[in-house]
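What follows is one structure encoded as structure tokens, with my remarks underneath.
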Amino acid sequence: MVEERHENDAHEEASYDKALERRIVRKCDIYMLPILTIIYLLGVVDRNNVGNATIAGFDYKYLNTTPELYNFAIAIYFISYMIFEIPSNLVTKVLGFHIWLPIIMVCWAFISMAQALCTNVQHLLIVRFLLGMAEAGFPPSVIGYVSLFYARNELTLRYAIFMALVTIAGALSAIAAFFIVQISGTPFHGFQWLFIIEGIPTILTAIVVALFMTRGPGDARFLTSEERKFVIERLRPEGGPTEIDCNTAKAQIKLAFTDVQVYVYLLMLFCASITFNALNFFLPTLIKQLGYTSVQAQLMVVPTLLIATACVTFNSWASDRYQTRAWNLMIAHIISIIGLIGMIATDAKNPSLYPLRYFFTVILACGSYSVIPICYSWFSCNTLGQYKRNVSVAIILSLANFGAVIGVQIYPATDAPAFINGNVICLSAVLAQVILVIGMKLYLDSLNKKRDLAILAKHNYKYDCELKNNKKRLREIAMKLVENEPKFDEVLCDRHPNWRYIT
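Numbering (this note's numbering), first residue to last: 1 to 503.
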């Protein structure tokens, strides 16, 4: 009777914890995630609206420069972004996300609006450099902030929401640009009004952020005291928020710089950034080459991005649902390869092929946009220790922007309408990602298997060749043997023998 009572109590406690977990996740999805996604959307719009402005007249001719120098002026955003990303991320750690974020939001909004005043390429170089400096702290900070509230099997879909917002932002920006660039009868051109009007919502949102956001789950206003404690405790085994001493923090930072996985993820994201940012900035230009006017091209961007958003969301949901990363990335890469080969193989000057080239453009967008959230989730889920994770994310995101610098320069106006060189560069980047993803999966699977076998040996568990080659069964037995042992600590981080990487 006593044993049955204990079993019932344990069952009731587990059911209560599960219900509490679902309630917390639901609250985070309702109260926190929408604000972060709106901020992310506004940041993308303020950074990328130069793409819509380009086909509306804000081009190299307007600034009396060359196509190459014009593209470099756009790309310099990423150079300053790389320089200031780690320092800005450290400032976030010191001041808190809730203080630093509203400050940089106001800064990047006014700087983005200042693009309307640029009359030569020197002005644009200065403004884009400052814009990169202001926005540098946001992406790594928001990735780290979200990981304070969600478990690793919940992260991919949340990151996908941010990436979906990137595509939706492009669609909304295109719709807004369709109307705004037609403003006439004022001292400003339509594209100047585009920069001014699209910067205002960011300033207003910064006020809301300053009033609502907090440092983390420990003081989240939308959670009760019990829920705050539960969030911290449930994420502690995954390297969630916890107090650690100075020496441990330094050791984790050293691990971030010496872990080979960080640099493989960096190369993946570097290659992905080439195609991703090329599309982010030049999708309206690519579509305009298909016989559309500037105004029509703004609208034709919208269905492309909406379809891509659906693909991003579904692929990321599947990644979370089945706890896979490599296979989902491979699917996205195959889709991108089909789109790029189609664009290279079809005649860009043949009007009868314009619908087919538009189809391949949509395919390319579906594949390349799907890669980013899964990459984000892969390295953030597999990197443990709060300082190691923060520094690793900053290293990966900052240096991967070299890919963005390349991406925004590979479609110069002189290569229109086929843009063969740019498409070949993108195809090469995707093929490189395929090699890196396969190599990373094999490497992580081998580490997981070695740890599983080590646990069986430690517990004197006898196994044969059949079990050794059955990865799923081997994992189940190993995890059962250590179910009451910690899976992680702040010293070993993800090198803990009981930790398993997601592949």
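Cβ coordinates follow ideal geometry from the N, Cα and C atoms, glycine included.
Considering Cα atoms alone, identify which of the options is closest to residue i.
| i | options | result |
| --- | --- | --- |
| Tyr81 | Leu223, Val262, Leu364, Met133 | Met133 |
| Ala176 | Tyr62, Leu306, Ile331, Val295 | Val295 |
| Cys107 | Arg47, Phe162, Thr66, Leu456 | Arg47 |
| Arg236 | Gly342, Phe149, Val121, Ala404 | Phe149 |
| Arg22 | Glu227, Tyr501, Leu474 | Glu227 |
| Asn315 | Pro373, Lys471, Val430, Gly216 | Pro373 |
| Leu204 | Gly144, Gly218, Ile103 | Ile103 |
| Gln252 | Trp499, Tyr501, Asp494 | Asp494 |
| Val271 | Ala249, Ser336, Pro417 | Strictly speaking, residue 271 in this sequence is Cys, with Val absent from that position. Closest by alpha carbon: Ser336. |
| Tyr62 | Ile111, Ile86, Leu90, Val121 | Val121 |
| Ala478 | Lys450, Arg26, Thr92 | Lys450 |
| Glu490 | Gly291, Lys441, Ala256 | Ala256 |
| Ala310 | Phe110, Ser370, Gly439, Ile126 | Ser370 |
| Pro303 | Thr503, Leu283, Ala318 | Leu283 |
| Asn280 | Ile338, Ala404, Ala249 | Ala404 |
| Trp378 | Leu364, Ile396, Thr293, Pro355 | Ile396 |
Run the CB neighbour count on residue i, radius 10 Å, all protein chains shown included, and call it buried at 16 or more, exposed below.
| i | result |
| --- | --- |
| Ile334 | exposed |
| Val465 | The displayed chain sequence assigns Cys, not Val, to residue 465. Exposed, because fewer than 16 other Cβ atoms sit within 10 Å of the Cβ of Cys465. |
| Ile55 | buried |
| Ala332 | buried |
| Thr135 | Here the sequence assigns Glu to residue 135, which means Thr is not the residue at that position. Classification for Glu135: buried. |
| Glu485 | exposed |
| Phe222 | exposed |
| Thr224 | exposed |
| Thr202 | buried |
| Thr414 | exposed |
| Val393 | buried |
| Val94 | exposed |
| Asn469 | exposed |
| Cys375 | buried |
| Gly422 | buried |
| Ser352 | exposed |
| Ile420 | exposed |
| Val424 | exposed |
| Ala278 | buried |
| Ser141 | buried |
| Gly218 | exposed |
| Ile30 | exposed |
| Ile435 | exposed |
Quick one: grab the DSSP three-state call for residue i.
| i | result |
| --- | --- |
| Tyr443 | helix |
| Ser319 | helix |
| Arg389 | helix |
| Val371 | helix |
| Asn469 | coil |
| Met268 | helix |
| His123 | helix |
| Gly422 | helix |
| Cys158 | For clarity, residue 158 is Arg in the given sequence; the question names Cys instead. Helix at Arg158. |
| His496 | coil |
| Met213 | coil |
| Thr504 | Examination of residue 504 is not possible in this model, given that the chain is present from 1 through 503 alone. |
| Tyr463 | coil |
| Asn401 | helix |
| Val262 | helix |
| Tyr376 | helix |
| Asn484 | coil |
| His189 | coil |
| Lys18 | helix |
| Tyr354 | helix |
| Val146 | helix |
| Leu255 | helix |
| Leu63 | coil |
| Thr304 | helix |
| Ala454 | helix |
| Ser184 | coil |
| Gln433 | helix |
| Lys93 | helix |
Are residue i and residue j touching if we call contact CB-CB under 8 Å?
| i | j | result |
| --- | --- | --- |
| Thr324 | Ile161 | no |
| Met113 | Gly185 | no |
| Ile79 | Ile274 | no |
| Asn49 | Ser173 | yes |
| Ala326 | Val430 | no |
| Val408 | Ile74 | yes |
| Val209 | Ile35 | yes |
| Leu286 | Asn52 | no |
| Asp320 | Asn153 | yes |
| Ala454 | Pro497 | yes |
| Met268 | His98 | no |
| Leu427 | Leu340 | yes |
Looking at chain D, is there any beta carbon in it that lies within less than 8 Å of the beta carbon of residue i?
| i | result |
| --- | --- |
| Leu442 | Of the chains in the structure shown, none is chain D; there is only one protein chain. |
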